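What follows is a single structure, written as structure tokens, with notes after it.
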Amino acid sequence: MFDSVSFVAMNSALDGLSLRQRTIADNVANIQTPGFLAGKVTFEDALRSAVNDGTGAATGTTTRSLAPTREDGNNVDLETETLLNIETNLRYQVATQAVSGHFSSLRTAMKSS
Amino acid sequence: MGTFDAIGIAGSGMTVYQTWINAISDNLANVNTVRSTSEEAFRARYVVASSVEYGTPAGTQVSSIELGDAEGRLVYEPDNPLADTEGYVRYPDIDMTSQMTHLIMAQRGYQANAAVVDRAKETYQAALQIGRS
Numbered sequence: 038m039f040d041s042v043s044f045v046a047m048n049s050a051l052d053g054l055s056l057r058q059r060t061i062a063d064n065v066a067n068i069q070t071p072g073f074l075a076g077k078v079t080f081e082d083a084l085r086s087a088v089n090d091g092t093g094a095a096t097g098t099t100t101r102s103l104a105p106t107r108e109d110g111n112n113v114d115l116e117t118e119t120l121l122n123i124e125t126n127l128r129y130q131v132a133t134q135a136v137s138g139h140f141s142s143l144r145t146a147m148k149s150s
Numbered sequence: 056m057g058t059f060d061a062i063g064i065a066g067s068g069m070t071v072y073q074t075w076i077n078a079i080s081d082n083l084a085n086v087n088t089v090r091s092t093s094e095e096a097f098r099a100r101y102v103v104a105s106s107v108e109y110g111t112p113a114g115t116q117v118s119s120i121e122l123g124d125a126e127g128r129l130v131y132e133p134d135n136p137l138a139d140t141e142g143y144v145r146y147p148d149i150d151m152t153s154q155m156t157h158l159i160m161a162q163r164g165y166q167a168n169a170a171v172v173d174r175a176k177e178t179y180q181a182a183l184q185i186g187r188s
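Note that the protein sequences, when read in sequence, are chains V and B. If you read the first sequence in the numbering used here, its first letter stands for residue 38, the second for the next number, and so on. If you read the second sequence in the numbering used here, its first letter stands for residue 56, the second for the next number, and so on.
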């Protein structure tokens with residue numbers, strides 16, 4: 038019930054998006070730190086193949102951006118981070134609604150009979 | 056990994072920018088601080104930030120405060136009570152233009168981090184709604 042592929046996959050998505058949100062916060066906090074390279078979180082591909090394999094469990098990985106740096110050795114781009122932050126926030130809300138929907142189906146199933 | 060990390064990380068950015076703004080206000084407040092030539096001039100404060108490396112991602116921090124030029128500039132003001140026998144006093148060598156530019160940079164940095172706190176808060180509120188029908 039709580040280890041179905043869809044439920045585990047939704048949890049993985051929430052974890053991945055949450056990690057991305059934290060990484061964006063870190064990037065913006067360090068937007069003028071000399072030598073700081075922006076962090077990027079990827080979990081979608083891992084999640085897709087995990088769902089195909091029938092597990093749904095995937096963790097996000099953080100890599101450092103290889104984008105060209107400014108003269109202070111920093112490559113955080115505020116526009117990119119802001120857009121990604123808004124998108125991540127909205128996707129997180131979609132995922133929470135999916136989890137809530139899952140729980141409300143379970144609640145319906147438990148009530149009937 | 057803490058529960059509400061994104062807010063804390065953006066908060067660390069706000070702290071650094073606040074420190075920077077404080078340093079700039081100090082520099083601007085002392086832009087006309089006169090000293091006698093036997094003392095060193097008021098030295099401008101420069102905030103040095105570095106990313107926090109224990110645990111990732113962990114935010115930013117003020118790693119040190121660097122001090123500007125102690126030499127300053129000598130100004131001929133024979134009427135000044137602090138003037139030496141030749142009539143000179145020492146003013147700090149603070150460039151007003153660069154201080155104002157830094158002030159704008161620090162203010163925008165602070166605002167960017169405050170926006171991240173807002174969005175992180177929305178995300179966490181969504182998380183708290185899970186399971187409520």
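Ideal Cβ positions, reconstructed from N, Cα and C, are used throughout, including at glycine. Since the structure is predicted, the reported quantities are computational estimates derived from the model, not experimental observations.
Rounded straight-line distance, which links the Cα of residue j to that of residue i
| i | j | result |
| --- | --- | --- |
| V:D40 | B:D173 | 33 Å |
| B:A96 | B:V86 | 10 Å |
| B:Q184 | B:K176 | 13 Å |
| B:I64 | B:D134 | 53 Å |
| B:W75 | B:S118 | 12 Å |
| V:G138 | V:M147 | 14 Å |
| B:S91 | B:V144 | 5 Å |
| B:G123 | B:E94 | 15 Å |
| V:G53 | B:V102 | 34 Å |
| B:Y131 | B:S80 | 27 Å |
| V:A62 | V:Q134 | 23 Å |
| V:D82 | B:A167 | 30 Å |
| B:D139 | B:L129 | 11 Å |
| V:A95 | V:L51 | 11 Å |
| V:E118 | B:A61 | 13 Å |
| B:Y179 | V:Q58 | 10 Å |
| B:N77 | B:T88 | 17 Å |
| B:A125 | B:L158 | 22 Å |
| B:A113 | V:Q69 | 15 Å |
| V:L84 | V:G93 | 6 Å |
| B:T115 | V:V65 | 9 Å |
| V:T100 | B:F59 | 22 Å |
| V:F80 | V:G110 | 27 Å |
Buried versus exposed, by CB contacts within 10 Å (16 or more), residue i
| i | result |
| --- | --- |
| B:M155 | exposed |
| B:G127 | buried |
| B:I120 | exposed |
| B:P147 | buried |
Endpoints, beta strand (DSSP E) assigned at residue i
| i | result |
| --- | --- |
| B:Q116 | 115 to 122 |
| B:L129 | 128 to 131 |
| V:G76 | 76 to 79 |
| B:V144 | 143 to 146 |
| V:T100 | 98 to 101 |
Distance cut-off 7 Å: residue i Cβ against heavy atoms of the ligand MN
| i | result |
| --- | --- |
| B:H157 | Among the components of this structure there are no ligands whatsoever, and the ligand MN is therefore not found. |
Residue i: first and last residue of the uninterrupted alpha helix (DSSP H) it sits in
| i | result |
| --- | --- |
| B:S106 | That residue, B:S106, is in no alpha helix (DSSP H); its beta strand (DSSP E) goes 100 to 106. |
| V:T60 | 42 to 66 |
| B:R163 | 151 to 183 |
| V:R144 | 115 to 148 |
| B:V71 | 60 to 84 |
Residues that residue i contacts on chain C, provided the C-beta gap is smaller than 7 Å
| i | result |
| --- | --- |
| B:G186 | Absence of chain C from the displayed structure is noted, the protein chains being V and B. |
Subject >> Residues of the segment 49 to 66 of chain V whose Cβ lies closer than 9 Å to any Cβ of chain B, in chain order >> reply: L51, L54, S55, L56, Q58, R59, T60, I61, A62, D63, N64, V65, A66
**OP:** Spell out a yes or no on whether the segment 135 to 154 of chain B and the segment 95 to 115 of chain V are touching, meaning 3 or more CB-CB pairs, one atom from each, closer than 8 Å.
**Re:** no
Original post:
Is there contact between the segment 86 to 103 of chain V and the segment 44 to 51 of chain V, where contact requires at least three CB pairs shorter than 8 Å?
Top reply: yes
Original post:
Closer than 8 Å, Cβ to any Cβ of chain V: which residues of the segment 102 to 120 of chain B, in chain order?
Top reply: A104, S105, S106, T111, P112, A113, G114, T115
Subject >> Cβ-based contacts, 7 Å cut-off: residues of the segment 67 to 90 of chain V near chain B >> reply: N67, I68, Q69, T70, F73, G76
Subject >> the segment 129 to 143 of chain V: positions lying closer than 7 Å to chain B by Cβ >> reply: Y129, Q130, T133, V136, S137, F140, S141
**OP:** Inspect the CB distances between the segment 66 to 74 of chain B and the segment 119 to 130 of chain V and report whether three or more fall short of 8 Å.
**Re:** no
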